[in-house]
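Each remark here refers to the structure printed beneath this line.
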Ligand SMILES: COc1cccc(N2C=Cc3cc(S(N)(=O)=O)sc3S2(=O)=O)c1
Ligand SMILES: [Zn+2]
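Residue numbers (my numbering): 416 to 675.
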């Protein structure tokens, strides 16, 4: 395991030295531009059926704030859309900036959002998560943009209330009874393409489902995320901000849209 980060000598431009696939042809995130997107009317709607009791803990791993779910059976699943079957929800996490004008990983027609929520699911046709990570159809990530506005989504409060308990790297606390589908925007319109983890190991195993409609968060809520520290309790407080990877070359990949 090699230490990697988002700035200076271990930043995104250096990742390929320890994770050569970071220079692959199917990397994420990417720019999504209307004029290069292909409307695919055969794309089905996607459905999430999540069990709120599957939620286990919320943690700060020094790179993001993550909520972990029980994925020992088909308990919380995503299906439909571009997916061949059900995919099990394993975790959700966020990417955000040092200010409200940037922080998302995917960029839409030149627009960067303040942040991006990723819900990570794996294909249970593989024996376990680590096996799924090595397959092109192993993982599905539902990505939802965070846009700063005046009327924030009240459902975000539950996650942000826990931030004080996981201020430093390595902190993990129980996070029971949470159904992440309450965070979804009204519209289920999405873009989809084949890509990778946006952090090391950068495996190219992800079917990305990027929602067109952002969810609204307040500037204070973004500031709450920025109050997390990259470091552990007994180390200097380094603000956990700008944990997003710059967009990668699209090469010969098609981005399909579920909407006209
Ligand atoms: C061997 O692959 C493994 C094994 C165990 C954990 C991970 N992960 C690391 C990075 C990573 C990046 C994600 S993103 N931003 O693309 O949604 S999700 C995710 S992870 O699953 O936590 C990868
Ligand atoms: Zn992510």
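Where is the CB? At the ideal position from N, CA and C, for every residue including glycine. Owing to the predicted nature of the structure, the values given are computational and were not obtained by experimental measurement.
Item	Value
Which same chain residues end up closer than 7 Å to residue 463 when comparing Cβ atoms and leaving out the 5 residues on each side of it in sequence?	493, 596
Pull up the distance between the alpha-carbon of residue 603 and that of residue 649, whole angstroms please.	43 Å
Please classify residue 513: is it buried, with 16 or more other beta-carbons within 10 angstroms of its beta-carbon, or exposed?	exposed
Helix, strand or coil: how does DSSP classify residue 517 here?	coil
Find the nearest neighbour of residue 641 within the set 450, 525, 575, judged by alpha-carbon distance.	575
In the DSSP assignment, find the beta strand (DSSP E) that holds residue 559 and state where it starts and stops.	554-563
Mind checking who residue 475 pairs with in its DSSP beta bridge?	480
Are there any heavy atoms of ligand 1 lying less than 6 Å away from the beta-carbon of residue 625, as far as the coordinates show?	no
Answer yes or no: does any C-beta atom of chain C fall closer than 7 Å to that of residue 439?	In the structure shown, chain C cannot be found, because there is only a single protein chain.
Report yes if the C-beta of residue 613 is less than 6 Å from at least one heavy atom of ligand 2; otherwise report no.	yes
Express the C-alpha separation of residue 538 and residue 619 in angstroms, rounding to a whole number.	14 Å
On the CB-based measure, 16 or more other CB atoms within 10 Å of its CB, does residue 584 come out buried or exposed?	buried
How many angstroms separate the CA atom of residue 534 from the CA atom of residue 507?	4 Å
Cutting at 7 Å between CB atoms, please list the residues of its own chain near residue 521, excluding the five before and the five after it.	444, 445, 447, 531, 558, 625
Kindly indicate which residue of 466, 632, 664 has the alpha-carbon position closest to the one of residue 592.	466
Considering only their Cβ atoms, is the gap separating residue 555 from residue 498 smaller than 7 Å?	yes
The alpha helix (DSSP H) that contains residue 638, what's its start and end?	634-640
How big is the Cα-Cα spacing for residue 590 and residue 581?	11 Å
Please identify the residue among 426, 476, 608 whose C-alpha is closest to the C-alpha of residue 621.	608
Leaving out the 5 sequence neighbours to the left and right, which residues in its chain are closer than 8 Å to residue 578 when beta-carbon positions are compared?	480, 639, 640, 642, 643
Look at the alpha carbon of residue 420 and the alpha carbon of residue 660, and state the distance between them as a whole number of angstroms.	10 Å
By Cβ distance, which residues of its chain are closer than 8 Å to residue 632, with the 5 residues on each side in sequence left out?	529, 530, 561, 562, 563, 564, 567, 568, 571
What does DSSP give as the partner residues of residue 494 in its beta bridges?	462
Over what stretch of residues does the beta strand (DSSP E) that includes residue 666 continue unbroken?	Element bounds for residue 666: n/a, residue is neither H nor E.
Taking all protein chains shown into account, decide if residue 453 is buried (16 or more other Cβ within 10 angstroms of its Cβ) or exposed.	exposed
Within a Cβ cutoff of 8 Å, which residues of the same chain sit near residue 573, ignoring the five residues on either side of it in sequence?	593
Taking Cβ positions, are residue 459 and residue 500 nearer each other than 7 Å?	no
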